[in-house]
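In my numbering, the protein residues as written are 3 to 318.
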């Protein structure tokens, strides 16, 4: 078996599911609504790039056809590919710090912080004229600590590389946090301050049960870019399987978004954290968090637990 085939089979085991009919029906309805809202698509090719750390972190690299484009144009184009990024990019603070090492120049163009994510826009120019990746990037917040990797997107052409990277905002970040950004592969270190756009965090501690599994919504954070939460799972099936993750949605007022990024339940981390790729600038109201299905694995076989688990959270 060749490497490509092995990789494809691992992807199938990790990502492809055969969900319950009720889950498919709910997804079909949500997809139909989403399609009606999607703007005209851009022609692009998506691929996966290895993240700097395991877990939730991964980076999607967009390779867009075309010739030379100015750095700000590339970054704007990249940022608009994800709703959360587009909002953060529009509100981001210009940084405009550059460092050159061995003919490679990295520029921190803009940065943004709210209760859920830290976003940084970078460009890389290599005097050799060959496309190059920015590589491993780490972010630390003064007085708080490291910010774990989240989702990122990038664009390469023959002139430069542009990447928009996001990190989870650590608890306790102040109004104008100091940020240290380290580009390990250059190497280079940048320091700057960014206003905190804020958000609301509540600890509902709500519990509901289905399919023999008790799910507790321990935390919910609403910010302009992203909605995130933390779930505790308990019950016989959870103790048997591993890598449990939810499929579901979050609705309130004009906000209607799917759970998109999940750090699953494991023996080392006995809870689930989730993120959406859309947020809300108006956290007040009643939020409905609906988990349609929880999917895990046991001895290489997929285990599906049918919901729904539904939580109603009122935020004043």
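From the three backbone atoms N, C-alpha and C, an ideal C-beta is built for every residue, glycine too.
Inter-residue CB distance, residue i and residue j (contact presumed, cutoff 8 Å)
i: residue 233; j: residue 248; result: 7 Å
i: residue 230; j: residue 277; result: 5 Å
i: residue 274; j: residue 219; result: Not quite, the Cβ-Cβ distance comes to about 10 Å (not below 8 Å), so this is no contact.
i: residue 288; j: residue 308; result: So it is not a contact: roughly 25 Å between Cβ atoms.
i: residue 214; j: residue 237; result: 5 Å
i: residue 228; j: residue 95; result: Incorrect: roughly 18 Å between the Cβ atoms, too far for contact.
i: residue 91; j: residue 106; result: That belief does not hold up - the Cβ atoms of residue 91 and residue 106 are roughly 24 Å apart, past 8 Å.
Residue i vs residue j beta-carbon contact at 7 Å
i: residue 110; j: residue 185; result: no
i: residue 170; j: residue 189; result: no
i: residue 163; j: residue 117; result: no
i: residue 194; j: residue 120; result: no
i: residue 253; j: residue 290; result: yes
i: residue 183; j: residue 143; result: no
i: residue 187; j: residue 131; result: no
i: residue 115; j: residue 146; result: no
i: residue 300; j: residue 242; result: yes
Cross-strand partners of residue i (DSSP beta bridge)
i: residue 198; result: 115
i: residue 248; result: 296
i: residue 96; result: 112
i: residue 308; result: 295
i: residue 236; result: 216
i: residue 164; result: 125, 157
i: residue 182; result: 142, 193
i: residue 287; result: 317
i: residue 169; result: 120, 151
i: residue 264; result: 276
i: residue 229; result: 224
Inter-residue Cα distance where the pair is residue i and residue j
i: residue 294; j: residue 259; result: 14 Å
i: residue 281; j: residue 257; result: 8 Å
i: residue 304; j: residue 279; result: 26 Å
i: residue 318; j: residue 222; result: 14 Å
i: residue 285; j: residue 204; result: 10 Å
i: residue 85; j: residue 255; result: 17 Å
i: residue 63; j: residue 154; result: With a pLDDT of 34 at residue 63, under the threshold of 50, the modelled position of that residue is not reliable, and no figure is offered here.
i: residue 30; j: residue 292; result: Bear in mind that a pLDDT of 48 at residue 30, under 50, signals an unreliable position, so the number given afterwards is only what the model happens to contain. Each residue's Cα considered, the two are about 15 Å apart.
i: residue 312; j: residue 209; result: 9 Å
i: residue 265; j: residue 251; result: 16 Å
i: residue 240; j: residue 216; result: 9 Å
i: residue 71; j: residue 152; result: Low confidence applies here, because residue 71 scores a pLDDT of 33, under 50, leaving its location unreliable; read the following figure in that light. Their Cα atoms are separated by approximately 26 Å.
i: residue 156; j: residue 166; result: 6 Å
i: residue 25; j: residue 207; result: Low local confidence applies: a pLDDT of 45 at residue 25 is under 50, so the model's placement there is unreliable, and no value is given.
i: residue 179; j: residue 302; result: 44 Å
i: residue 102; j: residue 139; result: 16 Å
i: residue 283; j: residue 104; result: 43 Å
i: residue 21; j: residue 122; result: Because the pLDDT at residue 21 is just 46, under 50, the model does not fix this residue reliably, and the point stays unresolved.
i: residue 245; j: residue 297; result: 8 Å
i: residue 99; j: residue 272; result: 40 Å
i: residue 148; j: residue 181; result: 10 Å
i: residue 202; j: residue 93; result: 18 Å
i: residue 261; j: residue 177; result: 28 Å
i: residue 310; j: residue 88; result: 31 Å
i: residue 161; j: residue 198; result: 33 Å
Residue-chain proximity (residue i, chain B), Cβ-Cβ < 7 Å
i: residue 167; result: Protein chain content of the structure displayed is limited to a single chain, and chain B is not contained in it.
- request: Count the CB pairs spanning the segment 171 to 178 and the segment 126 to 138 that are closer than 8 Å, and state whether there are at least three.
  value: no
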